[in-house]
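Participant:
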Amino acid sequence: MSANAPNPVVHLPDQRSRARVRLVDRFLLGFLSVASLVAITRLSTRPSAGWALVAYLLSGLLIVLLTRPGLGVLGRTLHEVYPLLLLVPLYTSLDLLNGIGQIHVHDPLIRQWEAMIFGEQISQTWRQYHGSIFWSTLFHLSYFAYYLIVPLPLAWFGIRGDMANLRRSVLIIFSTFLVCYLCFMLFPVAGPYYEFPRPPHWFTDNYPARLVYATLATGSSYGAAFPSSHVAGTIAATAAAWMGSRALGAILTVATILLTLGVVYCQMHYAVDASAGVLVGLGIALLLRKVNIST
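Using the numbering used here, count along the sequence shown one by one with no gaps and you end on 283.
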């Protein structure tokens, strides 16, 4: 080639213009596929499942839109956080899928497991034997702290601009909730909150307890007790925090332990629910801790 000949121009692909289908997108598509099939099978007996099916199809369309080439800054930002924005709608859809309280629940079997493993129904007997206004206040406050614990690692890594840990946290937390939602869909359990008589007035006569009950009255899905998504989600969030910040992880660990105990003491979940939540949250975090979060 002549020394004076112009160098050939090599056009490298613009990474921002390429479609990026990440692992979290694939997990969600898998969940939506299963959920849609379940919704179709239940249409004849539970018409409300049709609305759940519409929600799943729209969620699938959202994935298509957010993984197409040529997204701007807003589109790429939404692609990072949209799984978390879908958590509440997907949770709400479970009530539609389960016929708004008409689903058969497996609480008798769970109570058998409870008696076999723990020797009693801890969600009833613990409060009865060791009832305390102090513990009621602390554990109800810990239960409500769930709404702060889960998003805290995401806010922390987002503010610091730590995209690697932000994406890993989104993947771990969202995947954990998807596993819980699949269990709620296929193996619904109501939990002691619905199955047992409510705690006496003195036990719930504190501000954190009233706040918890008011929240449950407006946003609780029947059949969504096993495994405890409160426990699983906080375990997953705490594990994700540890991976990027030991200080944040240590702080969240204390709150997560209190919440795990509190869901049982406050009669929101069976001890089996809480134990399963620990296994799911920790298992998903360990499984995904070294995944390539760029895919």
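All C-beta atoms, glycine included, are put in the ideal place defined by N, C-alpha and C. All values derive from a computational prediction rather than experimental measurement.
Please go through the same chain and pick out, in chain order, the residues whose beta-carbon is closer than 6 Å to the beta-carbon of PRO141, but skip the five residues on each side of it.
Facilitator: Around PRO141: SER157, ALA225, ALA228, ALA229.
Participant: Answer yes or no: do LEU247 and ALA143 have a C-beta to C-beta separation smaller than 8 Å?
Facilitator: Against a cut-off of 8 Å, the Cβ pair of ALA143 and LEU247 comes out as no contact.
Participant: Cα separation between GLY263 and ILE91?
Facilitator: At residue 263 the sequence reads Ser, which differs from the Gly that was named. If you take the alpha carbons of SER263 and ILE91, they lie about 24 Å apart.
Participant: How many Å lie between LYS278 and LEU11 at the Cα?
Facilitator: Their Cα atoms are separated by approximately 13 Å.
Participant: Kindly indicate which three-state DSSP category VAL219 falls into: helix, strand or coil?
Facilitator: Three-state DSSP puts VAL219 in a helix.
Participant: Do LEU199 and VAL22 count as a contact pair if the criterion is CB distance below 8 Å?
Facilitator: No; because the gap between Cβ atoms is not below 8 Å, this pair is not in contact.
Participant: For SER5, does the count of other Cβ atoms within 10 angstroms reach 16, so buried, or fall short, so exposed?
Facilitator: Confidence is the limiting factor: at SER5 the pLDDT is only 44, short of 50, which leaves the residue's position unreliable and the question unanswerable from this model.
Participant: So, is GLY58 buried or exposed, given that buried needs 16 or more other C-beta atoms within 10 angstroms?
Facilitator: Classification for GLY58: exposed.
Participant: Let me know the secondary structure DSSP gives GLY265 once reduced to three states.
Facilitator: In the structure shown, GLY265 sits in a helix (DSSP, three-state: H, G or I).
Participant: In the DSSP output, which residue or residues are listed as bridge partners for ALA229?
Facilitator: Beta-bridge pairing links ALA229 to no other residue.
Participant: Do PRO185 and GLY211 count as a contact pair if the criterion is CB distance below 8 Å?
Facilitator: No; because the gap between Cβ atoms is not below 8 Å, this pair is not in contact.
Participant: Mapping DSSP to helix, strand and coil, what is VAL177?
Facilitator: Here VAL177 sits in strand by DSSP.
Participant: Could you give the residue range of the alpha helix (DSSP H) that holds ALA40?
Facilitator: Looking at the DSSP string, the run of the alpha helix (DSSP H) that includes ALA40 is 37 to 54.
Participant: Using DSSP with H/G/I as helix, E/B as strand and the rest coil, what is ALA23?
Facilitator: Here ALA23 sits in helix by DSSP.
Participant: Return the Cβ separation of PRO71 and LEU16 in integer angstroms, given the expectation that the two are a contact with Cβ distance under 8 Å.
Facilitator: Confirmed, Cβ separation roughly 6 Å.
Participant: Count the other C-beta atoms from every protein chain shown that fall within 10 angstroms of the C-beta of GLY18, then say buried if there are 16 or more, exposed otherwise.
Facilitator: The residue in question, GLY18, is exposed, as its Cβ has fewer than 16 Cβ neighbours within 10 Å.
Participant: For THR283, which three-state DSSP category applies?
Facilitator: Low confidence applies here, because THR283 scores a pLDDT of 48, under 50, leaving its location unreliable and the question unanswered by this model.
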